[in-house]
Each structure stands twice: as C-alpha cells, then as structure tokens.
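> Protein chains in written order, with the numbering used here: chain G, 11 to 484; chain E, 411 to 909; chain H, 789 to 954.
By construction, the Cβ of each residue, glycine as well, lies at the ideal position given by its N, Cα and C atoms.
Keep in mind that this is a model prediction, so the values were computed, not measured.
#1: Going along chain G, which residues have a C-beta under 9 Å from residue 674 (chain E)?
#2: As an exercise, report each continuous alpha helix (DSSP H) stretch of at least 4 residues that is fully enclosed by the region 637 to 680 of chain E, in chain order.
#3: Where does residue 467 (chain E) sit, in a helix, a strand or coil, going by DSSP?
#4: Kindly list, in the order they appear in chain H, the residues whose Cβ is closer than 7 Å to that of residue 158 (chain G).
#5: For residue 402 (chain G), which residues in chain E fall below 7 Å Cβ to Cβ?
#6: With H, G and I counted as helix, E and B as strand and the rest as coil, what does DSSP make of residue 228 (chain G)?
#7: Ignore the nearest five residues each way along the sequence and tell me which others in residue 681 (chain E)'s own chain have a CB closer than 8 Å to its CB.
#8: Indicate whether at least one CB of chain H lies closer than 9 Å to the CB of residue 112 (chain G).
#9: Using the DSSP secondary-structure output, state which residues sit across from residue 300 (chain G) in a beta bridge.
#10: Taking only beta-carbon positions, decide if residue 925 (chain H) is within less than 9 Å of chain G.
#11: Could you have a look at residue 867 (chain E) and say whether DSSP puts it in helix, strand or coil?
#12: With distance defined between alpha-carbon atoms, name the residue in G:64, G:36, G:447 nearest to residue 18 (chain G).
#13: Between the alpha carbons of residue 811 (chain H) and residue 480 (chain G), how many angstroms are there, rounded?
#14: Could you name the residues of chain E that residue 478 (chain G) contacts, counting a contact when the two beta carbons are closer than 8 Å?
#15: On the three-state DSSP scale, how would you describe residue 712 (chain E)?
#16: Hey, does residue 570 (chain E) have any beta-carbon neighbour from chain G nearer than 9 Å?
#17: Going straight from the alpha carbon of residue 434 (chain G) to that of residue 566 (chain E), what length do you get?
#18: Does any residue of chain H bring its CB to less than 9 Å from the CB of residue 174 (chain G)?
#19: Residue 149 (chain G) touches chain H at which residues, Cβ-Cβ below 8 Å?
#20: Please list, in chain order, the chain G residues whose beta carbon lies closer than 8 Å to that of residue 933 (chain H).
#21: Run through the DSSP bridge pairs and tell me what residue 843 (chain H) is partnered with.
#22: Would you be able to state if there are at least three C-beta pairs under 8 Å between the region 633 to 652 of chain E and the region 663 to 672 of chain E?
#23: For the beta strand (DSSP E) containing residue 486 (chain E), list its first residue and its last residue.
#24: Nearest CA to the CA of residue 784 (chain E): which residue from E:763, E:798, E:797, E:596?
#25: So, with DSSP's three-state summary, where would you put residue 191 (chain G)?
#26: Using a C-beta to C-beta distance shorter than 8 Å, which residues of chain H count as neighbours of residue 141 (chain G)?
#27: Round the Cβ separation of residue 195 (chain G) and residue 136 (chain G) to the nearest angstrom and send it over; I've been treating them as touching at under 8 Å.
#28: Is it the case that the Cβ atoms of residue 163 (chain G) and residue 154 (chain G) are separated by a distance below 9 Å?
#29: Report the partner residues of residue 135 (chain G) according to the DSSP bridge assignment.
#30: Would you kindly work out how many angstroms separate the C-alpha atoms of residue 911 (chain H) and residue 456 (chain G), rounded to a whole number?
#31: Starting from residue 6 (chain G), trace the alpha helix (DSSP H) both ways and give me its first and last residue.
#32: What is the DSSP secondary structure of residue 99 (chain G), counted as helix, strand or coil?
#33: Within its chain, find whatever has a CB closer than 7 Å to the CB of residue 954 (chain H); leave out the 5 residues flanking it on each side and keep chain order.
#34: Return helix, strand or coil for residue 78 (chain G), following the three-state DSSP convention.
#35: By DSSP, does residue 435 (chain E) sit in helix, in strand, or in coil?
#36: Run through the DSSP bridge pairs and tell me what residue 477 (chain E) is partnered with.
In structure tokens:
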C-alpha cells in the first residue's frame, strides 16, 4: 500500500482525525474552557466537508473491500453537509445547563457514526458493510438517550438499540446465507454467482428486511415514531436525515450491483412496499399533533417516495435518489431546525397546537418552516418539487404508471398534513402564542444554510446534472 | 433578455419591492405600479403581436425563446405566444390590476396579502407564456399554492375548510396532470431519439393511440378540475364564497381559465385521437356542468354562491365548446374564457364592494340598493346583462360563437348536448334577473342601509376598467376573434389530420 | 467424527429448546451455557481451535457470568413472564412455523458449495487467523476499534455524573 492510497480514504481518515482531536481537547481542557469545544468541532467539521469536495483519485483498496468511486464520494459529501448542519443547529442546544458537561461526547458519537456511514458506503464486501452499519447505528442509540433525565429519551435509546440489534441479527442471517450459497463476501463475486435458488431468495428477503428496519419501510417502521419523539430534536433530525440517507445510499448501490441478477424479483417487492410505505406513512402522519412524531411519519412516507427512484434501477433513478437525499437534507433539517429552536426557547413546546399564531410573533421562523414543509411536500419553487419530479420521472421512465398514480395521489395526502402546521402558524388565532425570541447566531446560520440549499439546489440545474454524470444503474 | 420573460420578472420584482416597503400605503402603491406596468406590457404585447402578424410572420408561436435548463432530461424554459395566449395575458393583466384596486383597503397583513396575490399572478402569467410542459406545470402549481393562504387568512365564513378543500382538489388535479405530462414526455419520441417536454415538438409527433387513450383522461381531468368540470367542481362554490374579493376575482377570472387553456393546449392539441375517441364522456360531463351550474345558481341565496355556480356553468361552457372541436366553437371557447373572466371579475368585485358596505351577502336581506348606491347598482346590471348574453356586450359574442360552432355537428349526440347546453342561457337569464330584481329594485328593506356611500375613486376605476373592456369586446369583437382564429389554424389542422 | 457431530448437534438443539422452555431464568442461563459449549465443540470439529477457545472465553465465560449477575441482582429467580393473549400466541406460532417451513424448504434444495481448503488443517490456528486478520481484513479490524471506542464513549456519557445536579 502506497502513501497516496490513503487519499482514497480521506473522508474516513479526516473524520477519525477530528474525532481524535476532540477527544484530546476534551481531556486537556478544564470545565471552564469546555465551551470552546463546540465551535472547535463545528469548524473542524466544516473543514472536512469542504476538503471532501476537492478533487481526488478514485480506486479500490484491500482487494476490493474498500471502493472509492466518484458517486460514493459524492454520497459521502452529501452526508457531510447534513452532519455539518446538524452540528451547527445543535450548538445553542448544547449550551444549556443540562448538556454542557457532555458536549464533546455528542460530537464524538456523531462523528463516529459518520465514519461508520462512510465506510458502509465505500464497502465492497459484506463484512465492511456490516461493520459500517453497526458503527453507524450503535452510537446513535446512546445519543437518543442523551437526555438522561427524561423517561421518553431513555425509552427512545433502549428501543433504538433493541431494534437495531434485531435488524442487524436478521441482516446477518441473510448475509450468512449468502456466504453459504456463494462462498464469498465480496460484492463483485457475489453479484456474479448470485442466482435465484430458494435459499438465495430467502437470503435476499432477510437482507431486505434488515435494511427495511434501518430505512423504516412499512411494515418495519413501528419503532420510528417513538424513537423520533423521545430523542432530543437534534438527534432526531440526524437520525431522520443523515442516518436514513446513508442507509438508502448503500441499499441502492447494493440492489443494483450485488442483487442485479434478481432485479426482476426485488422490483416487485419494492413496488408493493413502496406503495404501502407511502400510503400508510401519510395516513398516520395526518393524525399527529406532536411535530416530532409528525415528521417521523412524514419521513416514513418520504422513504416510500425515495424507493420510487430505486425501483426502476435505472441511472436516472439512482441520480434522482441521490439528488432527492440532498434536497431532503436541506428541507428536513430546515423543519427540524425551526422545531429545535422553538423547543429550546419555549421550554419544550413541540405540539402543533403550540404553534398557533406563530407568524405574528416569529415571522422569520414561520416562513422558514413553511418553506421547508413546502419543499417536503414538493411544491415549487423550492427544491423538493424538483426532487420529487425527478423521482417520478424515474418511475415513469420504466413504465410503472399505476405506481406513479399512487405516488402522485400520495403527494396530495401529504400536502394536506404539511399544510396543517402552516395553517396553525398563519391562520389559527391563539390566546397565548409562543413569545418572540431572538435566535442565537449558530441557529441562524444553520437555518440560512437550509433555506439557501432549498432554493439553490432546485433552480441550479448544474447540481442535478453533475450527479447525473456520476450515476450508476443496472 | 427576451420580451416575454418580463411578464414573470416584473411581478417578481414587484414582490421584492413590496418586501422592502414600510407601511401599507407604500405596499399597495408598489403593487399597483408594478401591475400597471404589467398591464402596459400586455397592451404592448397585443400591438406587437398584431404588428408581427400584419408583417406576415405566420409562425405558430411568436417571440419565442428557449433556454435549456436540465440538459440530461431535455427540460427547457421555453416561451412563446400565439393569439390565444396573447388574449389570455391581456385578460390576466386587466383582472390583476382591477383586483389590486378592489383590495385597495386591505389593511390586515397587507404586505403578505399583496405578495401572495402577485405570486399567484406570476404563476398565471408564467403559465400562459410557457410552451414547455415542465415549466407549465411548475407555474401551474405556483399559481395554486398562494390560494391557500389568501383564502385561509383573509377569507370569510368557513374559510379554513374552503381553503383546504380548494387547495387539495386543485393540487389533486395537478397530480393527475403530472401523470399525463409524463405520458406525453415518454411517448414524445417513438423513434428512440431525445424525449421532449416542448409542446410544439410533441405536436409534430403522432403519439401512439394506445398511450393517448391512457393519458388523455389524466390530462383532461387534471386540467378539468381547475376548469370546474362536474363532478369535480365542488371546490369552486366553497372556495369562491370564502375568498376575499380580489382573490375571487383572480380565481374565477383567471385561474379557472388555466383549466380551459390547458385542456385545449395540452390535452386536445397533443392527443387528438383520444380526444375524438373519448371526448364524448367529457362532453356529457361538461353539459351537466353547464346546466347543473345554472340550476345551482337559481337555488342560492348568497350572492357569492350564485356567482360561483354561474362560474361553474360558464366555465363548463368553455370546456364544452373545446370538446366540440371545430374552429368556430373553439374560437367561441377562447372568447368565452375572456368574456367570463372579465364579467365574473366584475361580479366578484361588485359583490365585495356591496358586502363591504352592507356586511351581508344574502339577497333576501337587501333590496332597493339602486336608490342608495346607484353607481354600483348600474354596474351590477351591466354585469348581469353581459352574463346573460345581451348583444353589445362580450358575453353575447362568446356564447353566440360557441353555439353556432356546436350546431355544425349534425349527429344526434352532439345535437342533444348542444340543445341541453343552450337551455342554460334561459336559466341564466332567470337567476340574473331574479337577483337584480331583489337586490336592486323594490323598497329599501333595511333602514340601516340608507346612508351607505357609493363607490370610491379606486372602486370606480376598477369597475370602470372592466366595464369598458367588456363593452369594447362586445362592440368590436372582430379583431380579437381574428387574432384567435389565426392561431387556431394549426391546431385545427392537427385535430383533423389523423381522422 | 460423524457420530460426534450428531451428538453435539443434538445437545445444542436440546439445550437451546430448554433455554426457551425452562421456567426459571437461572436454568435458562445454564442451558444456554451448555448450548454455547456444544457449539464450541462444533468449532473444534471444524478445525477452528482459536474460534472455539474465544467462543468459550467470551460467550460462556464473560457474557454468561454477566447474565447470571444481572439475574441475581434483579432477583429474577422465580418465573414472572408477562401474560400474552391467546391470539398473540397463536399468531406467533403460526407465523414462526411458516417461516420455519419456508426455511427448511429453501435449505432442502440448496446447492452445496465446495469447501475452499478441505485438506488444510492449519486454517483455524491462531497464527493463520492472525495473518488473515492483519493482512486481508486489516481494515474491518481497525473499524471495529472505532466501534469499540464509540461504544465506550457512549457508555461513559450515559453513566457520567452530572456535575451541576449533585
């Protein structure tokens, strides 16, 4: 291995490096200076994000176990952006009395999950994939229980760890069957040797189920709402955007590479689960009052929409998925950012009815949330419209007209509930609405990035076209 | 910089200007100035268009511009106008400026109100100038979504319910439309070349009839929802009655026309085979719309409901005429869109002004208003007469053309439909005269109404503009119908080509 | 050899069943230890000495003793299973049985793959494993170290004393 080979792994190595820096900083600072860790972590993460975009060589390492292609680098960059925004948005929350003695742990755990995701995305065999997946989920469980004195937070932590253990078990069972029938864990060897023997189909079903838990596809979604509600808002936003995005990325890569021989089969499975996921996620979301639960169900139905891009297995579909995740990061983090800001300022108000008349008191936050919800619903001129449009194009391209019809009707259902918070903020009148408050600098920066992302990513066609040039397919 | 894009840029700049205004007077002034410029542009466009045509430029679309947006999918921002879009742009410009004048005294959150209103107008203008299905769809949704806030925030009555119902039904229509657009896109190049969203390029292709049969209903229903086609019209009475004055004007006057225009430009023009084959289903539905709307209007006691149902009837007539698919009836359909747009805007403006004075919209509680507020009363009578098709006003020209065109079909089915639809004229006369009788004539029912003031200057300006335009179209319709006729030629060719 | 295999397999399955069926948690844990031991026996049969030893040390030794401690500390020696409704039980049995059926059916027709190095008896030795781990599988090995440190950080964070609250 030559020295420049390490350049291929620069995302992971840099993240490990900043994790070590934060660890050392934590050891060598006293309580008074610990406040400096917040800006330090954010700045380090910003540097990593920017460095990630610099051009770099591509190739494979460790005999195909680690793969760095342009597309995978792009995926990592997208996740880095998401993580950076979450870092920025958490800054003011971490300043509070309850949290300020565990600031560096928060950043360390998030960075280690990010390392896991990056390795997972770059994986070229099932062992790496599995390790990356574990590294990406286990620390999140500790973070979900971050707010130790709240029962709900502890509940979220324990639920998440149990569910991820269960799903990992199912996934491993599937992987062991694949190894048993093929005799290799390397993706390139498996994809060639994979046939449609009963055991292999069984192994795929186990694999699919395991991944379905991670992406929270119906009927494996039941943990989502409780965990999202219980966990602190910033952890929830990370979980719903970055974690989910990473799982979707590797899932789509594996479907079109490892499982390409049984594409006809997984397409049928995806068709049905996508339709059910969209519809049920939407129907549940309509009934929620707690905004975190609301966004949890909305993220389930978004997962259904994202699957639309994968179903076709085409290059366009893959590009649409990657693009949509990028859009989704900005939109969902915008929504969560506003909810977090309001929750911190008002002492934990997270219900939709608390938002009555918010526009009168906090117009900027209301407009940001409205824009984010419109983007999630797919309404022009924000980026969500373009994202959904490309996903639908990918479905239509392969001639799944009925699925497309189900999907477009689901966008209308989703529009209904995305308008409910808008209605609360703008139209409903309240005796006592949340008083005006001034957000601190970090929150503002985080939200401005989100809004800029929502506007620019859609109109600037270069971004989509760039992803399109990288994309891969069956 | 091309001329047509100004129609999107000017409203956008107006919105930006409003954001920086200090108080409500500045806001409304900025809005009025911006939209007056827009009206000037529209008038200039009409003259430029006529001059081009006179100079012998017989291209299908004029002032075209084409910018590639997403090259890999061949999504473009393509614009261009023919006589029909020019007429619609003119209509929109008139209705928008009168709408702004009619809401001169909206003080509650005025900044947000005018921004939403102008955003809506931006969507409509964009829709009429674009000839690329993607941008068309984008502008369509852009025009619908501000409606939610406009009705929900500034409306009256059960406004939240109406706003939600209207938004969801219209967006539902757009969702179906999206399926239709994808159907057109993926069938736009059967030889395996580059696919396209460009309307003119698709119109050169003969789309596989099987695909047409599948996607025509999606497209037609998608636009038909906005055109208030029975049984998908139910958003219209609730929405219009809850909306504030200017919004009702814009919505009934312009936004509903998007439906008719889209059915015409996209559904029928691009999928003629299916239109011939499946048109009869929609013809029945639109005939029902025409008659049902008219009967619905007789039943109602609320002024806005009456006008909303009459809009269903009139817009049904637009779709009805489009489905007759000959040159005369289609010409009538476009004229009807313009005429109905103007007079319904006039109606809603009047109703808003009357309501602002009497604080009731129930016709039974009012009476003898002609003596108290003569200006509004006279204009109401003019609007009513235009609506029931009095010669000399625009309504007559439009309905006459439609029915002449419809009678050119000699088969029983079309004849029956035409005769049934024609009966709506009589019913229209009944409800219009009934309202005029109760509302304006007779003794003054409520003593409190005796010292109501008549129209103020901005109201007079708003109403006067509309009346002048209605009368001038009614008196000199030929230039307009010639302009439309020229543009109909390629469309009719396409319709008859594959028969 | 074959006899030993069947014997160990029978012991493993029986003890695994006893884990589920025995009423007292302590008995369950003891049966689980037996189950793990018999699986370790399988490893020896497959020439994987190192794996067998690690399996005994980690699972049977460390984890099971931890389990016993927890059970003792929580005083769980009497059975207090939460009551499940009859419907849940029946559904669970049916779905589980169906899954078993499908799995058996799927394995029945499975094509047996050839063992890679049937004659190499050194493959399970510590030296061989060390070589593989630090050459071919170096990267996963290093990642697992990151995994452990993050798990430790998480555990420390959850157990950390709150300086302000006390």
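Taking the geometry as given:
#1: Taking a Cβ-Cβ cut-off of 9 Å, residue 674 (chain E) has no neighbours in chain G, whose nearest Cβ is about 23 Å from it.
#2: Here the runs fully enclosed are 645 to 652, 655 to 660, 666 to 672.
#3: In the structure shown, residue 467 (chain E) adopts coil according to DSSP, grouped into three states.
#4: By Cβ distance, chain H contributes 946.
#5: Residues of chain E whose Cβ lies closer than 7 Å to the Cβ of residue 402 (chain G) are, in chain order, 588, 592.
#6: Of the three classes helix, strand and coil, the one that applies to residue 228 (chain G) here is coil, per DSSP.
#7: Contacts found: 594, 617, 622, 625, 626, 629.
#8: Answer yes: the Cβ-Cβ gap between residue 112 (chain G) and chain H drops below 9 Å somewhere.
#9: G:361, per the DSSP bridge assignment.
#10: Answer yes: the Cβ-Cβ gap between residue 925 (chain H) and chain G drops below 9 Å somewhere.
#11: Correct three-state label for residue 867 (chain E): helix.
#12: When C-alpha distances from residue 18 (chain G) are compared across G:64, G:36, G:447, the shortest belongs to G:64.
#13: Cα to Cα, residue 811 (chain H) sits roughly 58 Å from residue 480 (chain G).
#14: When 8 Å is used as the limit between beta carbons, residue 478 (chain G) is near these residues of chain E: 482, in chain order.
#15: In the three-state scheme derived from DSSP, where H, G and I count as helix and E and B as strand, residue 712 (chain E) is classed as strand.
#16: So yes, residue 570 (chain E) belongs to the interface.
#17: Between the alpha carbons of residue 434 (chain G) and residue 566 (chain E) lies a gap of roughly 17 Å.
#18: Chain H contact via Cβ: absent.
#19: Against residue 149 (chain G), the close residues of chain H are 938, 939, 941, 942, in the order they occur along the chain (beta-carbon pairs closer than 8 Å).
#20: Those within 8 Å of residue 933 (chain H) in chain G number zero; the least Cβ separation is about 10 Å.
#21: Partner(s): none; residue 843 (chain H) has no beta bridge.
#22: Segments in contact, yes.
#23: Taken as a continuous stretch (DSSP letters only), the beta strand (DSSP E) holding residue 486 (chain E) covers 485 to 491.
#24: Closest in alpha carbon position to residue 784 (chain E), among E:763, E:798, E:797, E:596, is E:763.
#25: If DSSP states are grouped into helix, strand and coil, residue 191 (chain G) belongs with the helices.
#26: Neighbours of residue 141 (chain G) on chain H, chain order: 928, 931, 932, 935.
#27: The C-beta separation of residue 195 (chain G) from residue 136 (chain G) comes to about 4 Å, placing the pair in contact by the 8 Å criterion.
#28: Yes, they are a contact pair.
#29: According to DSSP, which records beta bridges pairwise, residue 135 (chain G) is partnered with G:196.
#30: Going from the Cα of residue 911 (chain H) to the Cα of residue 456 (chain G) covers about 54 Å.
#31: Residue numbering for chain G in the displayed model covers 11 to 484; residue 6 (chain G) lies beyond these limits and cannot be assessed.
#32: Of the three classes helix, strand and coil, the one that applies to residue 99 (chain G) here is helix, per DSSP.
#33: The predicted model places residue 954 (chain H) with a pLDDT of 44, which falls under 50 and marks its position as unreliable; any figure quoted below should be read in that light. Sequence-distant partners of residue 954 (chain H) (beyond 5 residues in either direction) whose C-beta falls short of 7 Å from its own C-beta are missing from its chain.
#34: The answer is strand: DSSP assigns residue 78 (chain G) an E or B state.
#35: Three-state DSSP puts residue 435 (chain E) in a helix.
#36: Bridge partners of residue 477 (chain E): E:487.
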